[in-house]
Structures are given as structure tokens and as C-alpha cells.
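Presented below is the structure to which this report refers.
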Amino acid sequence: MQNTATPTHCPYCALQCGMNLTPAPDGTVEVSERADFPVNRGALCGKGRTAPAVLASGVRLTSPLVRSGGELVPASWDEALDRIAAGLRRTRAAHGPDAVGVFGGGGLTNEKAYTLGKFARVVLGTSQIDYNGRFCMSSAAAAGIKAFGLDRGLPFPLEDIPKSGCVILVGSNLAETMPPSLRFFNELRENGGTLIVIDPRRTKTAEQADLHLAPRPGTDLALALGLLHLVIAEGRVDAEYVQERTVGWEDARAAAMAHWPEYVERITGVSVPELRETVRLFCEPESAMVLTARGPEQQSKGTDTVGAWINLCLATGRAGRPLSGYGCLTGQGNGQGGREHGQKADQLPGYRKLDDPAARRHVAEVWGVDPESLPGPGRSAYELLDALGTDIKSLLLMASNPVVSAPRAAHIEERIRSLDFLAVCDVVLSETAALADVVLPVTQWAEETGTTTNLEGRVLLRRRAITPPEGIRSDLEVLHELAARLGVEKGFPTDPEEVFEELRRASAGGPADYSGITYRRLVEENGVFWPCPGAAEAVEQPAAGDTTAMAHPGTPRLFLDRFATPDGRARFVPVSHRAAAEEPDDEYPVLLTTGRVVAQYQSGAQTRRVAELNAAAPGSFVELHPRLAARLGAAEGDPVAVVSRRGRAVAPARITNAIRPDTVFMPFHWPGEGRANTLTNPALDPTSRMPEFKACAVRLEAVRP
Ligand code: SF4
Numbered sequence: 134m135q136n137t138a139t140p141t142h143c144p145y146c147a148l149q150c151g152m153n154l155t156p157a158p159d160g161t162v163e164v165s166e167r168a169d170f171p172v173n174r175g176a177l178c179g180k181g182r183t184a185p186a187v188l189a190s191g192v193r194l195t196s197p198l199v200r201s202g203g204e205l206v207p208a209s210w211d212e213a214l215d216r217i218a219a220g221l222r223r224t225r226a227a228h229g230p231d232a233v234g235v236f237g238g239g240g241l242t243n244e245k246a247y248t249l250g251k252f253a254r255v256v257l258g259t260s261q262i263d264y265n266g267r268f269c270m271s272s273a274a275a276a277g278i279k280a281f282g283l284d285r286g287l288p289f290p291l292e293d294i295p296k297s298g299c300v301i302l303v304g305s306n307l308a309e310t311m312p313p314s315l316r317f318f319n320e321l322r323e324n325g326g327t328l329i330v331i332d333p334r335r336t337k338t339a340e341q342a343d344l345h346l347a348p349r350p351g352t353d354l355a356l357a358l359g360l361l362h363l364v365i366a367e368g369r370v371d372a373e374y375v376q377e378r379t380v381g382w383e384d385a386r387a388a389a390m391a392h393w394p395e396y397v398e399r400i401t402g403v404s405v406p407e408l409r410e411t412v413r414l415f416c417e418p419e420s421a422m423v424l425t426a427r428g429p430e431q432q433s434k435g436t437d438t439v440g441a442w443i444n445l446c447l448a449t450g451r452a453g454r455p456l457s458g459y460g461c462l463t464g465q466g467n468g469q470g471g472r473e474h475g476q477k478a479d480q481l482p483g484y485r486k487l488d489d490p491a492a493r494r495h496v497a498e499v500w501g502v503d504p505e506s507l508p509g510p511g512r513s514a515y516e517l518l519d520a521l522g523t524d525i526k527s528l529l530l531m532a533s534n535p536v537v538s539a540p541r542a543a544h545i546e547e548r549i550r551s552l553d554f555l556a557v558c559d560v561v562l563s564e565t566a567a568l569a570d571v572v573l574p575v576t577q578w579a580e581e582t583g584t585t586t587n588l589e590g591r592v593l594l595r596r597r598a599i600t601p602p603e604g605i606r607s608d609l610e611v612l613h614e615l616a617a618r619l620g621v622e623k624g625f626p627t628d629p630e631e632v633f634e635e636l637r638r639a640s641a642g643g644p645a646d647y648s649g650i651t652y653r654r655l656v657e658e659n660g661v662f663w664p665c666p667g668a669a670e671a672v673e674q675p676a677a678g679d680t681t682a683m684a685h686p687g688t689p690r691l692f693l694d695r696f697a698t699p700d701g702r703a704r705f706v707p708v709s710h711r712a713a714a715e716e717p718d719d720e721y722p723v724l725l726t727t728g729r730v731v732a733q734y735q736s737g738a739q740t741r742r743v744a745e746l747n748a749a750a751p752g753s754f755v756e757l758h759p760r761l762a763a764r765l766g767a768a769e770g771d772p773v774a775v776v777s778r779r780g781r782a783v784a785p786a787r788i789t790n791a792i793r794p795d796t797v798f799m800p801f802h803w804p805g806e807g808r809a810n811t812l813t814n815p816a817l818d819p820t821s822r823m824p825e826f827k828a829c830a831v832r833l834e835a836v837r838p
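Using this note's numbering, the letters of the sequence shown correspond one by one to residues 134 to 838.
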């Protein structure tokens, strides 16, 4: 490996910031600025800057581990792989293929997500596969498909944001989750545009806003309906657009008219003057956007909530117009690509539906199998985890840590412990990996090549910058070896580009069509936006620099001419307010909402092992209003117990006026007694199967020494 800089992308969030990696004398890599990537133009947050710390041998796994005498002990790769194959085979023989579960992650590259889905359906023959991205953006995906016929996080590049007239940011604290993206919103304001932030907390993002609305957690649906009511009442509907580009307006209009501003004020706590001001700021400019994130999405009515915000965009003629529209800020590194290529319970590669006969025929042909042999849709992520130890006896898990990140986490931990057999592939010994029968140490981002798709729908090439240490293998090698041990010798290549070439063919003609994209194009063009139809078969590569042989330029902006529905028109979806699955009562009088902090990422499995990040954010906390703290008799830093119907968590108090007095906040990155997800409610959205992470009823108890 040469000592020159390799341009690549961050291993963490969906921004997929560009960075350069240069091998260091100690065998790791140094991160340096990569200014040519338009998303971050060289800027990185602390997580990206410190990412190489997880490559160090004292932090990462360096050998396969197998359970022996109750302990995980080092083993050879052959022994570990043989044990996994035997465990999965045993379950299948005793209980049938659906007793074997597969759980993936939104951090897997497109190649790995694709291969994992194929492995589950072709080698194991199980329908029981889903992934942690279900907990991330599935409500926005379901709402986008209903309204527009297609889900791509942002239907426009981030660079459009500063040129828009107004952006409503609903339930996103991007100043902490993806700090380099804040510059797009700062530029928006410098250009005279308006930023409106909707969040129950006055977050660092809300502090930047022109207007901050702080609704009760779980009431974003009512808030959007109240705004639409005012749009109608004030004569601000774009009637021509509604007539020409949408269907279903009358029902959506009737639903909104039932939500009087005063009624919405009572539900949300947002005043009527604030609602009116929001409508004015959103409707007056020529262009405007609504961007949602986990706040409105992680609810038991998340699909309808996002649908209500989309209705607002449609009624005002925003969607599918330049510098305007609705978009979702996906969270995980490959949260977008991870939901497109087959690791989701109901999908096949190319974002095809698993129950679509034509899709099954197409993908089965690429895979060289009988379409009839492909299983049907399986359980969603929470339902799959909830079935562990009962219907599902063995689990193969990659790139996820549900012991920390799943809702009702103590119950899920107990389900995982009750499995007959658990195999985990990870880079560190996460809390979930520590429960496994076999743990396989796999390569990390700097040590492997593969594609991801960022929150804009831009497909990117992460490039290998260093050689992995002895004893580490890639997830693709693991799946290749397991397939061979389970009797499938072909069809599971270990070379990522070979997998991508097959993915191109499998995705051809699907909603997320990658068939015109090649690794070479990704390097030369610094990423390509899907859909990018092209040659469905592996093509002869054009000469370097010659992109003319590839007909399609990719699609940075969607829906400008038509939506992806059969008639090209967007669908209004009539939605009405309903309460959270669990509202406060006498026993549990306070609302809990959860989220992130800037120095940690997701379940913290990697970032908690980075000294600099750990020093900045060493543990969980309970953020609460001074009035609530006074009632409890708690001072800053005092341990506070938060109790829900599912369990109890204890963490130090952080007292601030930046949160509503009826709400407490906990970040969810830590295991142990401060684990926020011990408390969260797994009530599921009926369409997306998203659990309600963002609102549940709790009581607070002072913890006396
Ligand atoms: Fe990495 Fe996201 Fe930070 Fe960028 S914002 S450096 S992608 S974690």
C-alpha cells in the first residue's frame, strides 16, 4: 500500500463526508481534508476526524471468538465458520428455514446489504430478514412512496438548500447529528431565506433558527394539519398546481379543515400566532422546503405524520418544483442504499417489492434461481427481534447492536439471550456481540472498498486505504465461506466490484436503478445520483475520462416533470391527529423523548471506544426543565431515575430551560443503567412498522444515596 492519500468517505452518518486517508507508520491511517467533495468541502465533525481510532488493535476485534465453557475464547476462522454453518443448519433441519433470522444494518455498504439479502433468501431460504434501518427512516420512506411513488431521502442535492426561500426542519438536530451540513442552512439565512426549526427542545440547531416551535412530543401530525388549515383559510393553496399535479385533494382538505388552529394549539402547545407566522414565512417566498428527520418519523403514526407534512408541500405547490419540496434527512451512513438492495423484510434489490411477481422473476433470473424458491416478506425489525427464542431460534447479525438500540431493550436483550444460536459479525465486541456463540472480526471502512448512497441519493465509492491486519476478513468473505459450507458454491463473490456489477443488473429497471453506474464513474464524477439507468449487463468499460459512452447522467433532482406514480401525479393522503400510543397519566405523568449527542454515533459501539469522544460525552443524562427538577428536588448532576412501563434507567440530571416542562430527554448511545431504550415504547406504525422512540410516558424518581 502506497503512502499517498486515498480519497474516500467517513464511516459514520448519512452525510458521507469526503476525507483523505493516508497510511501512518503505525499501520493505521491519518485523516486529512478533502475539499473536492461538495457535501462537506473538507469539513468533518469530531466523529469523522477520530474514526481511525477504532482501527487500533486494542480497540477492535482481532480474532474470531467462540463460546466455550460460557466464555468467548479465540478460535481459528475455520472453526468459527464451521460452528456458524452447523448452528444455522441445525436450526433449519429441526424447525424449518424461517426459524433462522438475519439482521443487518444501515452501515453496511450496498454490496454487503445486497449480498446479505441474497444469502438469506437463496442460501438459508428464510423470509426472516430485516435491519436496523427500520428504526431510522422507514416512516418517511413509506410516506414518500405513498405520495410520490418513490422514496429517495432528499429528491434534490443539499446545495439547493441555500437557494431556497424557506426551510422547515422538523425533528432534526443536525447541528449535533451531522454538523458540516449546518453550513447549508447558515448560507440559506445569509441569502435572505428563513429557517424554521420544530423540536420540543431548544437544540443547537433550534438556536440557529429564525423561528423555533416547540410542540409536545408526538404531536407533529396535528401541527402540520393546523398549518394546512391556515393555508386553506388564508387562501394560500396553489389551486393550479393541485389541479394539474396531484390527486386526492378534497379528502385531505376536509381532514385539515377539521383541525382548527385553536384545537391544534391545545394539542401541540404551539400558539396560534406562531402557526400563522410559520404559514406566512413558508408561503410567501417563491420556493420552500420541508425536511423531516427522526422526530416526526419515529412515532407509532410516523407515516401519517410525514404524510401530513407532504400534504402541506403539495397544497402550496412546493413538491417537484425547483429549490422546493419535501425531503427526509436519513441518519445512518448507508441508510439510503441499505434500504434499496434487499436486506429489508419486504424488498428485493433496486427497491423492488418482494411480493411483485415481475420483480421476483427479474431478480431470480439474475441470481440463477427459480422465482418460486424465493421466500415472501418476513417480519419487521422489532417483530423479528421480539420473535427470537420462540419462532426464530438462530440469528446471524451484522453491523447492528440491538441490545442498546432497540426499543424496550431489556426485553430484546432477554430475547437474544434465549436464542439457541447467535452469530455476530462486527468490528468491536459490542453489547450484542458479547452475547453471541460465535463472533467474527470484520474489516472496516478504511480497509475495504464498497459503495454507499448518501442522504441525497448520491452513490459514492469508499476506497480501501490500508491493508487489514492479519486475521480480519470482510463481510463478503464471511458470506462466501458460509454459503459454501451450506452447499452453495457459486454466486457469492468476495470482490466488491464484482458484487456491484451484479447489483447493477439486479437493480436495472427498478425504482432505485443503478444499472448505469460503475466504479469508474463514481471515481471520475465524485458520485452519481440514482436513478441512473444504463446497460443492464456488465458493459465494456469506456476509456478513462470518457463518460459519453454512459448515456444517463444520473438524477440529482427528482419529480420536476412528473412524480413516480402511474399517472405522474402526487397523492394527497387524508390524515387526522391521533395521540401517541402512550400518553402521560397519573402514574407516568411526564413525556420522554430520545435522541443523540454530537460526540457519539448510534449505539455508540464504535464511538464509545474513542478516547476523545468518550471524554466529550462519557455517559447518559436526563435533560429536564428547572420546574420539573424543583418538584423532584434534584440539582444539576444528581442521579435521576426515569421509570416507564418497560423498565427503569438512572442517569445524572442536566437541568435546562431549553426543554418543555412536561418533557424529559435522554440520549440513547449507552448501555447499562443509563440505557434510554430500556424505557422506549415498541408500539409500531401500522404501515412502516417503526417503533415509537420519540414519545412515551414516564415518571421521575429522585435517587437517594
Ligand atoms: Fe462523518 Fe457524519 Fe461527521 Fe461527516 S458529519 S464527519 S459523515 S459523522
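No residue lacks a Cβ here, since even glycine has one placed at the ideal position from N, Cα and C.
Quick caveat, the model's predicted, so the values are computed rather than measured.
Buried or exposed (CB count within 10 angstroms, at least 16 for buried), residue i
i, result
"C829", "buried"
"T137", "exposed"
"R548", "buried"
"K526", "buried"
"L693", "exposed"
"T600", "exposed"
"S201", "exposed"
"N534", "buried"
"T813", "buried"
"K180", "buried"
"Q674", "Low confidence applies here, because Q674 scores a pLDDT of 47, under 50, leaving its location unreliable and the question unanswered by this model."
"P540", "buried"
"G678", "Any reading at G678 needs caution, since the residue's pLDDT is 49, under 50, leaving its predicted position unreliable; the model's value is listed next. Exposed is the call here."
Contacts around residue i, its chain only, beta-carbon distance under 8 Å, and the 5 residues preceding and following it disregarded
i, result
"R322", "L328, Q341, D343"
"F236", "I262, D263, Y264, N265, A514, L517, L518, L528, L529, L530, M531, S533, P535"
"T336", "N306, A308, E309, V330, A791"
"V836", "D771, P772, V773, A774, V783"
Residue j beta carbon less than 8 Å from that of residue i
i, j, result
"V303", "I278", "no"
"V561", "R193", "yes"
"A355", "I301", "no"
"N467", "T586", "yes"
"N243", "A514", "no"
"L817", "S777", "no"
"V102", "A276", "In this structure the chain extends from 134 to 838, so residue 102 is not present and cannot be described."
"H474", "Y247", "yes"
"V364", "L445", "yes"
"G471", "Q480", "no"
"H142", "L593", "yes"
"A809", "S433", "no"
"L746", "T352", "no"
Enclosing alpha helix (DSSP H) for residue i [first to last residue]
i, result
"N319", "315-323"
"T796", "Segment 796-800 is the beta strand (DSSP E) holding T796; no alpha helix (DSSP H) there."
"R182", "179-182"
"E634", "629-640"
"Y145", "Run containing Y145: none; DSSP gives neither H nor E here."
Own chain residues within Cβ distance below 7 Å of residue i, not counting five before or after
i, result
"L291", "V172, S314, F317, E589"
"A339", "V330, D332, H345"
"A669", "Low per-residue confidence applies at A669: pLDDT is 43, beneath 50, and the placement is therefore not dependable enough to give any value."
Opposing strand residues paired with residue i [DSSP bridges]
i, result
"K486", "Q480"
"H345", "V330"
"S527", "V233, F554"
"A703", "T379"
"C829", "L725"
"E163", "T155"
"S777", "G780"
Cβ shell of residue i (< 6 Å), same chain only, five flanking positions each side left out
i, result
"V121", "This structure gives no information on residue 121, because the portion of the chain shown stretches from 134 to 838."
"R413", "none"
"A671", "Note that A671 scores a pLDDT of 40, beneath 50, so its modelled location is shaky; the value from the coordinates is reported in the next line. Contacts found: E634."
"R787", "F754, E756"
"T576", "P601, I605, S607"
For residue i, the first and last residue of its enclosing beta strand (DSSP E)
i, result
"I301", "299-303"
"V592", "591-595"
"Y459", "458-461"
"R200", "198-201"
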